[in-house]
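K.L.:
Mind looking over this structure? Questions follow.
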């Protein structure tokens with residue numbers, strides 16, 4: 004109870020008058036002034052950026068690319084209007100420069116005139132990157148420039164999404180065009196398959212017809228050989244008859260009559276054969292010409308043309324031979340009819356026989372040429388038949404390739420599904436922003452000020468301890484001269500400031516909670532931690548003031564400055580210089596900031612327990628050291644009686 008009485012004696016000094024009690028009230032409000040005003044001004048700065056004036060200049064010139072009209076500058080400004088990140092002011096370039104220099108705008112965004120043209124170059128061989136120009140002026144405020152950097156990434160994401168969407172629409176248009184072309188190609192391939200199938204059937208017919216023609220030509224060649232043999236025999240017989248006419252004619256007239264009958268019969272056979280051969284040769288020529296009309300492509304085949312020419316020559320030769328054979332037959336018949344008169348006129352018979360011999364010689368020569376032509380025709384038809392088989396094999400390969408081509412075209416066509424405008428729009432939106440980031444926060448602070456509250460609370464409580472002993476006495480000098488224990492005197496000097504600091508922390512928490520909506524997750528642990536932090540900071544400042552006097556206040560101020568940078572209240576400690584990282588674990592503000600983060604936003608209970616233990620350790624250690632200092636100060640020295648520095 005002695006400690007409480009001594010503490011009350013210190014507070015009673017502020018009784019009387021109108022202003023002295025207000026000193027204690029002002030002292031209680033010190034944490035509120037430092038903490039709440041800072042938090043109020045920084046509670047949610049990024050939530051009020053719509054009041055920050057920014058100039059937007061659109062110099063873009065629309066273009067037409069890939070069949071589409073592109074006005075990206077207008078689209079971009081419309082996006083800005085729909086999402087009010089800042090107080091957008093759409094002005095010209097001159098007004099933007101003037102406003103930026105004079106501080107009317109914190110930064111400017113300029114859309115260059117080639118913005119749409121560069122976006123439209125995506126389908127070109129060498130596409131270009133579209134750019135926006137952001138101009139800042141740090142003379143108007145550096146933090147505004149940081150906001151510009153933040154919005155720069157946001158604007159780039161919006162532009163990229165719009166550009167990707169436009170590229171996707173162009174791609175789908177190209178795919179639709181490609182699908183139509185593949186559809187046409189599929190139809191053409193189907194027609195090609197049908198045409199090659201007809202070609203295969205035609206070449207098979209051609210090959211079959213040529214095989215028949217070869218067989219016919221062989222028959223003709225055989226017949227011609229027979230005719231040639233018969234004509235040679237006839238020629239030999241007529242020659243023998245002519246040779247024997249002069250010697251044996253009178254004696255052999257009866258034999259001549261018989262021989263004339265045989266000649267007539269032989270020539271009749273020859274005439275029949277030559278007529279048959281002429282008809283077959285004419286039919287073969289007609290068949291080959293009909294084959295050429297049905298297959299015009301054979302008209303360019305040199306083998307076909309040679310066969311046709313030989314066939315025509317053969318037909319002409321057989322026709323002539325047939326005519327000669329008919330003449331010979333007619334002559335033989337006349338000779339045979341006149342054999343009866345040969346007995347009366349041997350000379351007349353000899354002349355007739357000579358007349359018969361001369362045509363027979365011509366028949367023999369014609370049948371020899373006909374035999375040679377028939378052999379040539381057979382050889383040519385054999386070559387043509389072989390070529391027709393090659394042509395048939397090629398036609399089959401062409402038909403197989405056409406079917407494979409149609410299959411490949413149909414497969415490619417099946418992989419490009421038909422699309423409608425709604426599908427294209429949905430796909431373009433997805434491709435414009437193909438990924439989505441889902442953000443989670445284990446212990447969200449929600450707003451900027453709520454995240455900074457632990458730091459500003461710690462600063463406010465430290466400043467309170469610094470101010471407290473500018474108004475309160477660290478020790479009771481009368482008690483120092485009495486018989487009171489050093490621990491009693493130390494606690495009595497600490498207790499008034501500790502109580503006022505706890506009240507100040509409570510007032511700060513209440514005002515920030517109700518006025519700004521702090522709403523800590525763990526209210527009563529927050530209250531307890533603030534009370535512990537206030538008493539611990541007061542104990543440290545009490546120790547410094549008691550041990551060093553006015554110099555202790557300077558040391559406390561230095562500690563405040565050091566802790567502002569080394570407590571980790573603003574930025575992660577990994578971003579600070581190495582010396583600050585080294586002293587970070589040894590600073591009391593470090594643990595108050597860390598503990599308040601847990602009680603306000605949530606976190607590990609183990610951290611909160613550790614912070615409470617460390618702050619309690621600072622409190623006890625400070626009180627123990629203050630007790631030792633008080634015990635030593637009971638011995639008065641010249642330095643204490645006349646301090647060099649005092650407040």
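Residue numbers (this note's numbering): 4 to 650. C-beta atoms are modelled at their ideal positions from N, C-alpha and C, and glycine is treated no differently.
1) Over what stretch of residues does the beta strand (DSSP E) that includes residue 58 continue unbroken?
2) Where DSSP assigns a beta bridge to residue 139, which residues make up the other side?
3) Any beta-carbon of chain D closer than 8 angstroms to the one on residue 74?
4) In terms of residues, what are the limits of the alpha helix (DSSP H) holding residue 133?
5) Residue 511 to residue 530, Cα distance in whole Å?
6) Out of 81, 323 and 521, which one is the CA nearest neighbour of residue 604?
7) What are the start and end residues of each continuous beta strand (DSSP E) run of 3 or more residues lying completely inside the segment 602 to 638, in chain order?
8) Could you pull the DSSP bridge partners for residue 73 from this structure?
9) So residue 590 and residue 557 are in contact, right, with Cβ under 8 angstroms, and what is the actual spacing, rounded?
10) For the segment 573 to 585 against the segment 497 to 514, do three or more pairs of beta-carbon atoms, one drawn from each stretch, fall closer than 8 angstroms, so that the two count as touching?
11) Would you please state the rounded distance, in angstroms, between the beta carbons of residue 135 and residue 112? I believe it to be under 8 angstroms.
12) Thinking residue 572 and residue 461 are a contact (beta carbons under 8 angstroms), I'd like their distance in whole angstroms, please.
13) Let me know the secondary structure DSSP gives residue 92 once reduced to three states.
14) Taking 8 angstroms as the cut-off, decide whether the C-beta atoms of residue 611 and residue 598 are in contact.
15) For residue 92, which residues in the same chain have their Cβ closer than 8 angstroms to its Cβ, ignoring the five residues on either side in sequence?
16) Output the distance between the C-alpha atoms of residue 626 and residue 157, rounded to the nearest integer angstrom.
17) Buried or exposed: which applies to residue 630, given that a residue is buried once 16 or more other Cβ atoms fall within 10 Å of its Cβ?
18) Pairing CB atoms from the segment 482 to 489 with CB atoms from the segment 581 to 595, are three or more of them under 8 angstroms?
19) What number of angstroms, rounded off, separates the C-alpha of residue 329 from the C-alpha of residue 225?
20) Evaluate residue 465 with the Cβ neighbour count: other Cβ atoms within 10 Å of its Cβ, from every protein chain shown; 16 or more gives buried, anything less gives exposed.
21) Alpha carbon to alpha carbon, how far is residue 85 from residue 78?
22) On the three-state DSSP scale, how would you describe residue 476?
23) Within the same chain, show all residues whose beta-carbon is closer than 6 angstroms to that of residue 291, passing over the 5 residues directly before and after it, in chain order.
24) Using alpha carbons as the reference points, say which of 616, 613, 567 and 601 lies closest to residue 654.
25) Less than 8 angstroms between the beta carbons of residue 538 and residue 632, yes or no?
26) Figure out for me which residue from 498, 456 and 455 has the closest Cα to the Cα of residue 476.
27) Given a cut-off of 8 angstroms on the beta-carbon distance, is the pair residue 87 and residue 53 in contact?
28) Helix or strand or just coil, what does DSSP make of residue 522?
29) Quick check: what's the CA-CA separation for residue 441 versus residue 618?
30) Assuming residue 322 contacts residue 281 under a Cβ cut-off of 8 angstroms, what Cβ separation, rounded to an integer in Å, is found between them?
31) Can you give the Cα-Cα distance for residue 470 and residue 540, rounded to whole angstroms?
32) What's the call for residue 300, buried or exposed, on a 16-neighbour Cβ count within 10 Å?
33) Could you check if residue 517 is buried or exposed, using at least 16 other CB atoms within 10 Å of its CB as the buried criterion?
34) For residue 524, count neighbouring Cβ atoms within 10 angstroms of its own Cβ and tell me buried if that reaches 16, exposed if not.
35) Please look up how many angstroms separate the CB atoms of residue 545 and residue 472, rounded, as I've assumed it's under 8 angstroms.
P.N.:
Reading off the structure:
1) For residue 58, the uninterrupted beta strand (DSSP E) segment begins and ends at 56 to 61.
2) 110
3) Structure shown: chain D not included; a single protein chain is present.
4) Segment: none, residue 133 is in no alpha helix (DSSP H) and carries neither H nor E.
5) Rounded to the nearest angstrom, the two C-alpha atoms are 11 angstroms apart.
6) 521
7) List check, beta strand (DSSP E) in window: nothing returned.
8) 66
9) Residue 590 to residue 557, Cβ: 18 angstroms. No contact.
10) Judged by Cβ distances under 8 angstroms, the segment 573 to 585 makes no contact with the segment 497 to 514, as fewer than three pairs qualify.
11) 6 angstroms
12) 7 angstroms
13) Three-state DSSP puts residue 92 in a strand.
14) The answer is yes: Cβ separation under 8 angstroms.
15) 56, 57, 58, 59, 102 and 108
16) 53 angstroms
17) Result: buried.
18) Judged by Cβ distances under 8 angstroms, the segment 482 to 489 makes no contact with the segment 581 to 595, as fewer than three pairs qualify.
19) 21 angstroms
20) buried
21) 11 angstroms
22) coil
23) 311 and 314
24) Outside the displayed span of the chain (4 to 650) sits residue 654, for which this structure offers no information.
25) no
26) 498
27) yes
28) coil
29) For residue 441, the predicted model reports a pLDDT of 49, less than 50, meaning its position is unreliable; a value from the coordinates is still stated below. Their Cα atoms are separated by approximately 38 angstroms.
30) 5 angstroms
31) 12 angstroms
32) exposed
33) Counting Cβ neighbours within 10 Å, residue 517 comes out exposed, since fewer than 16 surround it.
34) Under this definition residue 524 is an exposed residue.
35) 7 angstroms
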